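Student: In the numbering used here, the protein residues as written are 41 to 200.
Glycine included, each C-beta is placed from N, C-alpha and C at the ideal position.
These numbers come from a predicted model, not from an experiment.
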């Protein structure tokens, strides 16, 4: 869960919030599906936090991911089972683009084991006052590559 820290003047007037809303994805398979379907623009994605641990550019690892999500009897939830085999390239190209643009975060690569969430997307908005006084946060936000430098975000480590 993301908790926003807003100054009193920002809490009194939501008009001070940027209109730019970025998406934070909480499910690799469902987020990629939404991008492939055109429901979400990949440029609006800040990051997808995934429970996976793979490199979509690696053919062997990709084959395992595609099989897991495409095969109705695979090891994962078959989120992509309704799509024809010919759509595999669309799913892989979205996955590679997320990877290469630094928008795919896989906590399992660092020893964490996140649980599956019901939510698919969260929206993030930064107050203009925070962006104006923190150029590093502004740069990270505009390039959509990481949430690590966003000074107005606090992760609630007690939320399960």
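1) For residue 119, which residues from the same chain have a beta carbon less than 6 Å from its beta carbon, with the 5 sequence-adjacent residues on both sides left out?
2) Since residue 162 is in the beta strand (DSSP E), which residue starts that stretch and which ends it?
3) Please classify residue 66: does DSSP put it in a helix, a strand, or coil?
4) By DSSP's criteria, residue 145 is part of a beta bridge. Which residues make up the other side?
5) Exposed or buried, which one is residue 96 when buried takes at least 16 other CB atoms within 10 Å?
6) Can you tell me which of the three DSSP states residue 175 falls into?
Tutor: From the atom records:
1) Within the chain shown, residue 119 is the residue found at index 79, counting from 1. If we look at residue 119 and ignore the five residues flanking it on each side, its Cβ neighbours are 69, 70, 73, 109.
2) Within the chain shown, numbered from 1, the residue matching residue 162 stands at position 122. Boundaries of the beta strand (DSSP E) harbouring residue 162: 161-164, taken from the DSSP string.
3) Here residue 66 refers to the residue found at position 26 of the chain shown. Coil at residue 66, not helix or strand.
4) Position 105 of the chain shown, counting from 1, holds the residue named residue 145. Residue 145 is bridged to 89.
5) Taking the chain shown and counting its residues from 1, one reaches residue 96 at position 56. Looking at its Cβ environment, which holds 16 or more other Cβ atoms inside 10 Å, residue 96 is buried.
6) Counting from one through the chain shown, the residue named residue 175 turns up at place 135. Reduced to three states, the DSSP call for residue 175 is helix.
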